[in-house]
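Protein chains in written order, with our numbering: chain A, 874 to 1627; chain B, 36 to 190. Report on the following structure.
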Amino acid sequence: MRVGESVQRSDGPAKVRGDFAYSSDLHAEGMLWGATVRSPHPYARILSIDASGARTMPGVRAVLTHEDVPGQKLYGLEIQDQPVLAFDFVRYWGEAIAVVAADHPEQARRAAEKVRVEYQVLSPVTEPEQALSANAPQLHPGGNVTREVKIRHGDQSARADVVVRGEYEIGMQDQAPLGPESGLAIPDGEGGVDLSIATQWLHVDQEQLAGILGLPKEMVRLTLAGIGGAFGAREDLSMQAHACLLALKTGRPVKISYSRTESFVGHVHRHPGRLAYEHGANRDGRLVYVRARIILDGGAYASSSTAVIANATCFSVGPYVCPNATIDGIVVYTNNPPCGAMRGFGSVQNCYAHEAQMDRLAAALDMDPVELRIRNAMETGSEMITGQVIDGPVPVAELLRRVKAFPSPLGAEGQGDGGGMHDLTAMPGGVSNTTHGEGVKRGVGYAVGFKNIGYSEGFDDYSTARVRLYVVDGRPRVEVHSAAAEVGQGIVTVQAQIAGTELGVSDVVVLNADTGVGSAGSSSASRQTYITGGAVKAASEAVCKRALELAESELHPASELRIENDTVVGADGKQIVSLATLLGDAVIEETREFRPRRTHRLNPETGQSNAHMQFAFAAHRAVVDVDTELGLLKVVELATAQDVGRAINPIAVQGQLEGGAAQGLGLAVMEEIQVKDGVIRNPSFTDYLLPTILDMPPVRMDILELGDPNSPYGLKGVGEPPTISSGPAIVAAIRAATGREITRVPVRPHDLTP
Amino acid sequence: MGVGRRLKVDCTVNGSRHVADGVWEGESLLYVLRERFGLYGSKNACEQGECGSCSVYLDGTLVCACLVLGGQANGRSLVTIEGLDGEKVEQAFVEAGAVQCGFCTPGLVVAAHDLLQRVPRPTDAQIREALAGNICRCTGYAKIIAAVHMAAGSA
Ligand code: FES
Ligand code: FES
């Protein structure tokens, strides 16, 4: 089980047999079920809350409102602006107002319906532009602007031979992890609580919960429960505080598990946005300037909006050299559903815009779109529009060349993958039998994108790992403990591979993540393999050093020794002593924190700064068949090239590239939370469309391992880049097939028909 | 308890008799399996019949347990992921890398098992059609298709 080998995931056998305990599978003796009272209005003043009718319902053990929150009544990842339970106002449809615990979940739901809330209904702010107008209601004390980011780079009045302009609109995407928000809180009988929970960051949940519950952190202990996907949806608190409050109130274990409909209001979404761009270039195709205004709708509460807008702005031009840039990014409060983290984090929205602009520029210059991109591609030493010089491999041109060089998919247009005329599943419209190829046009499109890995703007990014080496049943064992959240990406296996590689021991056990060890930071920003991997590597190296010191002798100084296959070997490869014999009863344990290189705040006037730690790049080619008469389409194939630095577990890396591309496809052609007057119209898997196995085409892949000189093993974060450029490539292919401009995603049938 | 009529559900699950008393008439089979019989392997991703993660056999027919009422299972025979004779499919899912978060996996294993019973050597198109009711949010499906082929190959 070494770094670089394709390793089967250790939780795989339990998962395929249905034995793996997810957060919604938890159960305890005497357990109660929680249900949540939610606002039916996107914006209203709360005049009164009367829970007396609910309290006397059968099976009900507690009904709690904001008055029962003992500590901080507001929480939030970056700005504490969101009520644990609403008190003066509700600011979005579905906001939590009260929670109920009862013996049976249906009793809890029925009691929740009996909580009487008197509202003064207010007219909601549902458009970002409206939020910015002078007469808009102020949704929060500081006003409606959550953050504004400015980039002023180079000559602000630069002129160019060729100018193209475009305005683009991005719909609201949902992470839709299959596992619902859920967890089990168990009171410890001494005023504290233990929470088993599906979250991306145990320690930040713990910190927020301690504040809300008014308890010291040691009295709020968190254990990671099995997680059914995350993709950003589990960065913010959902039911955590509610379950803990109910458990502490009733003295009984409390489980809360959201329904799918509730899940749509239980977590934040990807920010919808409007992006207005102007690109200026020389006749040879080189960019002279980019001017852009990016408005993201953050919805009712801040969540991670302030970081998302920084990304949307910093990466707004794409991985191209652009000497002059004037970019204004702004994220605002509205009464729409709150938005925050989702895979790609700000770099997804802008990629649709900058890649559409590059295609427009290519058309204006009568150039090949890939050639134009290559001409402007960043390389090692290129400067971003934030002034940051990118070191390490920057293979933008190479990635584009590779996706272009892939062979074309088999089969003529309208015939899918060559499965024959009657393979309807390969046609636009599928088994609806809407075409056998008539009216079908094929298009090919390209896109490339990049984003930051890890936290940016001076955030103290670190992770902690504890590694123990000891002998059990006559064999050495390594035990790894960190708080890194396994959300499905494979971090448990990666930790085992790293410890196994550094310590030369085959038996490696990774303990379940909990708050009994230091913070690992979040499983987000594609950072966990880098940062927690770095911590496991450092702790393993420290353990290894101590083990080798035990084996040291005059003949064999420790510096010449290493461990291989559970045995200490010398410089000549000769076996010196088995690790089991060497260790005997000794236990060697080391804990290490790992920090990547520092980042810095953006200059508030110019946005110039070394704000980011690492950058990852990917390119996609999409082939799409469009039934131009009906506006139906079929993505025939995706091809991608991505530099992953070093593939720690290649089969898991492939899975990230395939799964990430599927989420990109979703936003491009089907996934949108439809919000009308602040109300979600499609909060179900019936009406919110996710890519199925029929929608997702094969993905050709070229995985480059160019090695980052600054990171452990040379690795780069992998998870997000596949979600950035896949969708824009699909939209480019649709444009090529239809000749239509298409400035909004997801693309709808009526955008494609005459 | 004030949530309507109470039923007794007496059924065979994975070959052994399971009885639940006091089942609320609105409880789904999925809820009965999970919360009353402690068989949490069938998953609750949508409870709307859209994702297939609750797939089980009811008298030999593949169904979404979330769309069947608990009371309808009375006197009938069920096979869930816990009792499935599905080792080949399960092993193939692990080996092919078809599991990430794994929340979709039990349902997909049952659905793939059902396909292979009917079509021992399915084509890509047959696999796609048979598994079209199972949503996976993590994998992009390529490795799921590979896993089904792998399981068919070793059948
Ligand atoms: S949970 Fe039954 S189909 Fe989704
Ligand atoms: S592996 Fe996560 S939903 Fe399929």
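Note that CB positions come from ideal geometry on N, CA and C, so glycine has one too.
The beta carbon of Arg-1143(A) lies closer than 6 angstroms to those of Gln-1046, Met-1215 in the same chain, with the five residues before and after it left out. Look at Leu-104(B) here: in three-state DSSP terms it is strand.
Minimum Cα-Cα distance from Asn-1325(A) among the listed residues Ile-1263(A), Arg-1159(A), Arg-983(A) corresponds to Ile-1263(A). With respect to the C-alpha of Thr-140(B), the residue from Arg-1156(A), Ala-959(A), Gly-1102(A), Leu-1097(A) having the closest C-alpha is Gly-1102(A). Contact annotation for Ile-1566(A) against chain B: Ile-162, Arg-163, Leu-166, Ala-167, Asn-169, Cys-171, Tyr-176, Ile-179, Ile-180 [CB-CB distance below 8 angstroms, chain order]. In the three-state reduction of the DSSP assignment, Val-1036(A) falls in the strand class, which pools E and B. Not flagged as an interface residue toward chain B: Ile-1364(A), since no C-beta distance is shorter than 8 angstroms. Boundaries of the alpha helix (DSSP H) harbouring His-1623(A): 1622 to 1625, taken from the DSSP string. Here Gly-95(B) is actually not in contact with Val-48(B); their C-beta atoms are around 14 angstroms apart, not less than 8 angstroms.
Collapsing the DSSP output to three states places Thr-1259(A) in coil. Relative to ligand 1, the beta carbon of Ala-80(B) is positioned inside 7 angstroms of a heavy atom. Within chain A, the residues whose beta carbon sits less than 8 angstroms from that of Asn-79(B) are Ser-897, Pro-1053, Ser-1130, listed in sequence order. The C-beta of Met-1569(A) comes closer than 8 angstroms to at least one C-beta of chain B. A distance below 7 angstroms between beta-carbons, with the five flanking residues on each side excluded, links Ala-1444(A) to the following residues of its chain, in chain order: Glu-1433.
If you draw a 10 Å sphere on the C-beta of Arg-1246(A), you find 16 or more other C-beta atoms in it, and that means buried.
Between the alpha carbons of Pro-1564(A) and Gly-84(B) lies a distance of about 16 angstroms.
Using a C-beta cut-off of 8 angstroms, the region 1396 to 1407 of chain A makes contact with the region 1458 to 1469 of chain A, since at least three inter-stretch Cβ pairs fall below that distance. Not one heavy atom of ligand 2 falls within 7 angstroms of the beta-carbon of Val-98(B). If you check each beta-carbon in the region 43 to 67 of chain B against every beta-carbon of chain A, the ones closer than 9 angstroms belong to Trp-59, Gly-61, Glu-62, Tyr-66. Note that the region 1518 to 1536 of chain A touches the region 168 to 181 of chain B; at least 3 beta-carbon pairs, one per stretch, sit closer than 8 angstroms.
According to the DSSP assignment, Tyr-1403(A) belongs to the alpha helix (DSSP H) that extends over 1401 to 1424.
Following the DSSP letters along the chain, one finds Asp-1078(A) inside the alpha helix (DSSP H) bounded by residues 1075 to 1086.
Contacts between Phe-138(B) and chain A, judged by CB atoms closer than 7 angstroms, involve Tyr-895, Leu-1051, Gly-1052, Gly-1101, Gly-1102 in chain order. In this structure, DSSP gives Ser-1336(A) an extended state, which the three-state scheme calls strand. At least one CB of chain B lies nearer than 8 angstroms to the CB of Ser-1557(A). For the region 1106 to 1140 of chain A, the set of positions with a beta-carbon nearer than 8 angstroms to some beta-carbon of chain B reads Ser-1130, Ser-1132, Arg-1133 in chain order.
Counting only unbroken stretches of 3 or more residues, the beta strand (DSSP E) elements lying wholly within the region 1069 to 1155 of chain A are 1093 to 1097, 1127 to 1130, 1146 to 1154, in sequence order. Following the DSSP letters along the chain, one finds Ile-1024(A) inside the beta strand (DSSP E) bounded by residues 1018 to 1026.
Cβ-Cβ distances below 6 angstroms link Gly-1153(A) to Ala-1033, Val-1036, Val-1161, Tyr-1162 in the same chain, with the five nearest sequence neighbours on each side left out; the list follows chain order. By the Cβ neighbour-count rule, His-1354(A) is buried, with 16 or more other Cβ atoms within 10 Å of its own. With its beta carbon at least 8 angstroms from every one in chain B, Gly-1056(A) lies outside the interface. Straight-line spacing of the CA atoms in Ala-1320(A) and Cys-46(B) works out to 55 angstroms. Annotation for Phe-1332(A) indicates a beta carbon at 7 angstroms or more from all heavy atoms of ligand 2.
Using a Cβ-Cβ distance cut-off of 8 angstroms, the region 1111 to 1130 of chain A and the region 893 to 907 of chain A are in contact, since at least three pairs of beta carbons, one from each stretch, lie closer than that value. Exclusion of the five residues before and after Ala-1175(A) leaves Gly-949, Glu-951, Ile-952, Asp-954, Thr-1019 as the residues of its chain whose Cβ lies within less than 7 angstroms of its Cβ. Counting C-beta pairs with one atom in each stretch, the region 1121 to 1137 of chain A and the region 1216 to 1235 of chain A have fewer than three that are closer than 8 angstroms, which means they do not touch.
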